[in-house]
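> Structure incoming, see below.
Number of protein chains: 4
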Amino acid sequence: MVSETNLIVRYQETDQMGIVHHSVYPIWFECGRTDLIKCAGMTYSQMEKEGVFLPLIELKCRYFYPANYEDEIVVKTGVLEMSPSRIIFKYSVYKKGFEKEIASGQTEHAWVNDKFKPVNLKKYRPEIYMKIKKYFKEDESNGKE
Amino acid sequence: MVSETNLIVRYQETDQMGIVHHSVYPIWFECGRTDLIKCAGMTYSQMEKEGVFLPLIELKCRYFYPANYEDEIVVKTGVLEMSPSRIIFKYSVYKKGFEKEIASGQTEHAWVNDKFKPVNLKKYRPEIYMKIKKYFKEDESNGKE
Amino acid sequence: MVSETNLIVRYQETDQMGIVHHSVYPIWFECGRTDLIKCAGMTYSQMEKEGVFLPLIELKCRYFYPANYEDEIVVKTGVLEMSPSRIIFKYSVYKKGFEKEIASGQTEHAWVNDKFKPVNLKKYRPEIYMKIKKYFKEDESNGKE
Amino acid sequence: MVSETNLIVRYQETDQMGIVHHSVYPIWFECGRTDLIKCAGMTYSQMEKEGVFLPLIELKCRYFYPANYEDEIVVKTGVLEMSPSRIIFKYSVYKKGFEKEIASGQTEHAWVNDKFKPVNLKKYRPEIYMKIKKYFKEDESNGKE
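Protein chains in written order, with the numbering used here: chain D, 1060 to 1204; chain Z, 1060 to 1204; chain H, 1060 to 1204; chain G, 1060 to 1204.
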């Protein structure tokens, strides 16, 4: 239950060290989340229109190998944990022609409403909760909730 | 009637050519606009709360000399033209220890409401129009360049 | 002789107006240039390794309609003018499901070497010059050189 | 032994949630590092000219309260750990008029040369090592947190 997002490194994403700047990886992770939610049968845009937002509580990223301009990047995104109040996504970043993972990360989010108040998603928007819950069932059997 | 904004080049703003990426200058221009509106006795945040937004219609930027990491940048911002429907800001960018202008630019904006509908600012929010009008009177006496 | 680049609007590319920030379009243009040069049979990465760089001299962008998170963007990139010392690219931006152009722009670049000295590309790297020249021949018959 | 960096939130740094995008905080941390190294009596630009680079190995960031456009931000930067091969910086982010910390983070870096090879900084550039070592002595007496 992992989505794959394909990206090509933009010139603007490099810095004077000649590699992708570390602040770009959280943006790639976000592209991964967008695709994962799409795989679950809705869009993050729709979720926001229904009053569900996912601000970050925590971000972690580890950098193993650099990425360079024009590299073909693959971001694999999954759900590590999910509860009615929070969700943790995990990410693995690869570049084509290089077998090892070049970076990994995870982001923890709170489910909040359009006034940034934390909500119990199961009660607030049960249909969204069930959609994601059902989709990520297998992952959850291993994790805590 | 020109505001001055002081910035220090961020590492993230450089690219693999070793210079500030060209897409950063429009962001610096925006910092200049923020300061100029503050000089006029309000904040752009307040303007938005009162339902006045300033989306871009046009952007122009010319690059004469590169800027580098840790350079001390000065952005001089003024108003080139102003009407009840539109405003054009102009910008000159300098770096400390270098007498010549390193970049220049201008941005044209429409006055719109919170539904992105163009408004006649003089009628829609006369108090804001007058504040800016009065402040930039001298510039306008010269008319278009 | 126009390349097409497909992009999906990233959440990070939006601002508090709820639309794509205007400074993102020059980055999309750059993605367009990357693809266009690839179409000409080389990569911009290779060009840089052979000592040819393309810093911006001028940027122009006009904004007609906003773009939003998750919009599917198409950037059409072509060459407006080309000479041994300079090149001007032009861009048209579209979003899927909307027939009109949402933005257009052009960027003018100088051919420089790795010390940022302007070069006559025809003499400095004739093979690169011919590759691009040949590829964009049709466009040039209309333009100045 | 903590440096303070003052920043004003840029419009471009916000996203459609109306708050500063989470990927901006690592950029602010970097501004903090730049200032901290300046306090130690050199610049990061000079360090790079002497062949010392500091790519990231790990990034962690926790978000407690949102920041908004035009907020006045203070980033407090210190050194958590330092060895001849690695350095960990820690950051606390505040906004004016709000007493609590809005975000915190830390970044771990390797000392590498211009070929991205890990170096023992004590042997490779003893003068830089001593400058930073001496400066951050007090922090180190406390050891790891």
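Note that beta-carbon positions come from the ideal geometry of N, C-alpha and C, so glycine has one too.
1) Is there contact here, the region 1162 to 1182 of chain Z with the region 1144 to 1151 of chain Z, by at least three beta-carbon pairs under 8 Å?
2) Can you tell me whether residue 1207 (chain G) is helix, strand or coil according to DSSP?
3) Just how far apart, CA to CA, sit residue 1119 (chain D) and residue 1080 (chain D)?
4) How many angstroms separate the CA atom of residue 1077 (chain Z) from the CA atom of residue 1130 (chain D)?
5) Do the region 1166 to 1185 of chain D and the region 1096 to 1112 of chain D make contact, defined as three or more Cβ pairs closer than 8 Å?
6) What does DSSP give as the partner residues of residue 1137 (chain H) in its beta bridges?
7) Assess, as a yes-or-no matter, whether the region 1176 to 1192 of chain D is touched by the region 1096 to 1110 of chain Z under the definition of 3 or more beta carbon pairs within less than 8 Å.
8) So if I threshold CB-CB distances at 7 Å, which residues from the region 1061 to 1083 of chain H count as touching chain G?
9) Could one say the Cβ of residue 1202 (chain D) lies closer than 8 Å to chain G's Cβ atoms, at least one of them?
10) Inspect the beta-carbon positions of residue 1166 (chain Z) and residue 1074 (chain D) and report whether they are closer than 8 Å.
11) Have a look at the DSSP bridge pairing and note the partners of residue 1167 (chain Z).
12) Distance check for residue 1141 (chain Z) and residue 1095 (chain Z), CA to CA, integer angstroms please.
13) Going along chain Z, which residues have a C-beta under 8 Å from residue 1090 (chain G)?
14) Report all residues from its chain with a CB closer than 6 Å to the CB of residue 1191 (chain D); omit the five preceding and five following residues, and keep chain order.
15) Identify each residue in the region 1127 to 1150 of chain Z for which the Cβ-Cβ distance to at least one residue of chain D is less than 7 Å, and report them in chain order.
16) Which whole-angstrom value describes the C-beta separation of residue 1087 (chain D) and residue 1134 (chain D), a residue pair presumed to lie in contact below a C-beta threshold of 8 Å?
17) Taking its Cβ as the centre, do 16 or more other Cβ atoms sit within 10 Å of residue 1082 (chain H), making it buried, or is it exposed?
18) For a test of your reading of the model: does the CB of residue 1098 (chain D) fall under 7 Å from any non-hydrogen atom of the ligand FMN? Yes or no.
19) For residue 1179 (chain H), which residues of its own chain have a beta-carbon under 7 Å away from its beta-carbon, when the five flanking residues on both sides are left out?
20) Would residue 1202 (chain Z) be called buried (16 or more neighbouring beta carbons within 10 Å of its own) or exposed?
21) Can you give me the Cβ contacts of residue 1128 (chain G) inside the same chain, cut-off strictly under 7 Å, excluding the 5 residues immediately before and after it?
22) Just the Cα atoms here: how many angstroms apart are residue 1204 (chain Z) and residue 1155 (chain H)?
23) Name the chain Z residues that come within less than 9 Å of residue 1086 (chain G), Cβ to Cβ?
24) With a threshold of 8 Å between beta carbons, is residue 1117 (chain H) in contact with chain Z?
25) Grab me the residues of residue 1084 (chain D)'s own chain with a C-beta within less than 6 Å of its C-beta, minus the 5 sequence neighbours each way, in chain order.
26) For the alpha helix (DSSP H) containing residue 1104 (chain H), name the first residue and the last one.
27) Do you know how far the Cα of residue 1066 (chain H) is from the Cα of residue 1136 (chain H)?
28) What number of angstroms, rounded off, separates the C-alpha of residue 1158 (chain G) from the C-alpha of residue 1117 (chain D)?
29) Three-state secondary structure (DSSP) at residue 1155 (chain H)?
30) Mind listing the chain Z neighbours of residue 1112 (chain H)? Cutoff is C-beta to C-beta under 8 Å, in chain order.
31) Is there a Cβ from chain D that is less than 8 Å from the Cβ of residue 1183 (chain G)?
32) Roughly how many angstroms separate the alpha carbons of residue 1107 (chain D) and residue 1175 (chain D), rounded to a whole number?
33) Taking 8 Å as the threshold (C-beta atoms), are residue 1124 (chain H) and residue 1115 (chain Z) in contact?
34) Quick check on residue 1286 (chain Z) - is its C-beta less than 8 Å from some C-beta in chain H?
35) Checking contacts by CB at 8 Å: is residue 1166 (chain H) closer than that to chain D?
In terms of the structure at hand:
1) yes
2) Outside the shown range of chain G (1060 to 1204) lies residue 1207 (chain G), about which nothing can therefore be said.
3) As a first step, residue 1119 (chain D) must be located in the first sequence, where it is residue number 60. As a first step, residue 1080 (chain D) must be located in the first sequence, where it is residue number 21. Whole-angstrom Cα-Cα distance: 15 Å.
4) Sequence index remark: in the second sequence, residue 1077 (chain Z) carries index 18 (1-based). Sequence index remark: in the first sequence, residue 1130 (chain D) carries index 71 (1-based). One C-alpha to the other measures close to 19 Å.
5) yes
6) Locating residue 1137 (chain H) in the third sequence gives position 78, where the first residue counts as 1. Answer by DSSP bridge pairing, in chain order: H:1149.
7) no
8) 1070, 1071, 1073, 1074, 1075, 1077, 1080, 1082
9) Within the first sequence, numbered from 1, the residue matching residue 1202 (chain D) stands at position 143. Residue placement at residue 1202 (chain D) is flagged as unreliable, the pLDDT there being 44, under the threshold of 50; the coordinate-derived value follows with that caveat. Output row for residue 1202 (chain D): interface = no.
10) Stepping through the second sequence from its first residue, residue 1166 (chain Z) is reached at position 107. Stepping through the first sequence from its first residue, residue 1074 (chain D) is reached at position 15. Not a contact, by the Cβ cut-off of 8 Å.
11) As a position in the second sequence, residue 1167 (chain Z) is number 108, starting the count at 1. Per DSSP, Z:1117, Z:1147.
12) Here the question's residue 1095 (chain Z) lines up with position 36 in the second sequence. Here the question's residue 1141 (chain Z) lines up with position 82 in the second sequence. Residue 1095 (chain Z) and residue 1141 (chain Z): Cα-Cα distance of roughly 14 Å.
13) Here the question's residue 1090 (chain G) lines up with position 31 in the fourth sequence. Result: 1067, 1069.
14) For this step, residue 1191 (chain D) is matched to residue 132 along the first sequence. Within the same chain, residue 1191 (chain D) has close Cβ partners 1099.
15) 1128
16) Mapped onto the first sequence, residue 1087 (chain D) falls at position 28. Mapped onto the first sequence, residue 1134 (chain D) falls at position 75. At roughly 5 Å, the Cβ-Cβ gap stays under 8 Å, so residue 1087 (chain D) and residue 1134 (chain D) are in contact.
17) The residue labelled residue 1082 (chain H) in the question sits at position 23 within the third sequence. Answer is buried; the Cβ neighbour count reaches 16.
18) The model on display carries no ligand, and the ligand FMN is accordingly not part of it.
19) Reading the third sequence from its first residue, position 120 is the one you call residue 1179 (chain H). Same-chain partners within the cutoff: 1143, 1144.
20) Looking up residue 1202 (chain Z) in the second sequence gives position 143. Its pLDDT being 44, under 50, residue 1202 (chain Z) is placed unreliably by the model, and nothing is read from it.
21) Within the fourth sequence, numbered from 1, the residue matching residue 1128 (chain G) stands at position 69. Closer than 7 Å at the Cβ level, and outside the excluded window around residue 1128 (chain G), lie 1068, 1070, 1073.
22) In the second sequence, the residue the question calls residue 1204 (chain Z) occupies position 145. In the third sequence, the residue the question calls residue 1155 (chain H) occupies position 96. With a pLDDT of 38 at residue 1204 (chain Z), under the threshold of 50, the modelled position of that residue is not reliable, and no figure is offered here.
23) Locating residue 1086 (chain G) in the fourth sequence gives position 27, where the first residue counts as 1. Under the 9 Å cutoff, chain Z gives 1069, 1070, 1071, 1072.
24) To locate residue 1117 (chain H), count along the third sequence from 1; it is residue 58. Cβ-Cβ to chain Z under 8 Å: yes for residue 1117 (chain H).
25) Here residue 1084 (chain D) is taken as the residue at index 25 of the first sequence, counted from 1. Within the same chain, residue 1084 (chain D) has close Cβ partners 1120, 1162.
26) Translated into positions along the third sequence, residue 1104 (chain H) becomes position 45. It spans 1103 to 1108 - the alpha helix (DSSP H) in which residue 1104 (chain H) sits, taken as one unbroken run.
27) For the purposes of this step, residue 1136 (chain H) is taken as the residue at position 77 of the third sequence. For the purposes of this step, residue 1066 (chain H) is taken as the residue at position 7 of the third sequence. Cα-Cα distance, rounded: 13 Å.
28) Stepping through the fourth sequence from its first residue, residue 1158 (chain G) is reached at position 99. Stepping through the first sequence from its first residue, residue 1117 (chain D) is reached at position 58. Between residue 1158 (chain G) and residue 1117 (chain D), the C-alpha separation is close to 21 Å.
29) As a position in the third sequence, residue 1155 (chain H) is number 96, starting the count at 1. In the structure shown, residue 1155 (chain H) sits in coil (DSSP, three-state: anything other than H, G, I, E or B).
30) For the purposes of this step, residue 1112 (chain H) is identified with residue 53 of the third sequence, where counting begins at 1. Chain Z residues near residue 1112 (chain H): 1076.
31) For this step, residue 1183 (chain G) is matched to residue 124 along the fourth sequence. So, not an interface residue.
32) Counting from one through the first sequence, the residue named residue 1107 (chain D) turns up at place 48. Counting from one through the first sequence, the residue named residue 1175 (chain D) turns up at place 116. Approximately 12 Å, taken between the alpha carbons.
33) Counting from one through the second sequence, the residue named residue 1115 (chain Z) turns up at place 56. Counting from one through the third sequence, the residue named residue 1124 (chain H) turns up at place 65. Not a contact, by the Cβ cut-off of 8 Å.
34) A query on residue 1286 (chain Z) cannot be resolved here, the shown segment of chain Z reaching from 1060 to 1204 and no further.
35) Indexing the third sequence from 1 puts residue 1166 (chain H) at position 107. Closer than 8 Å: no.
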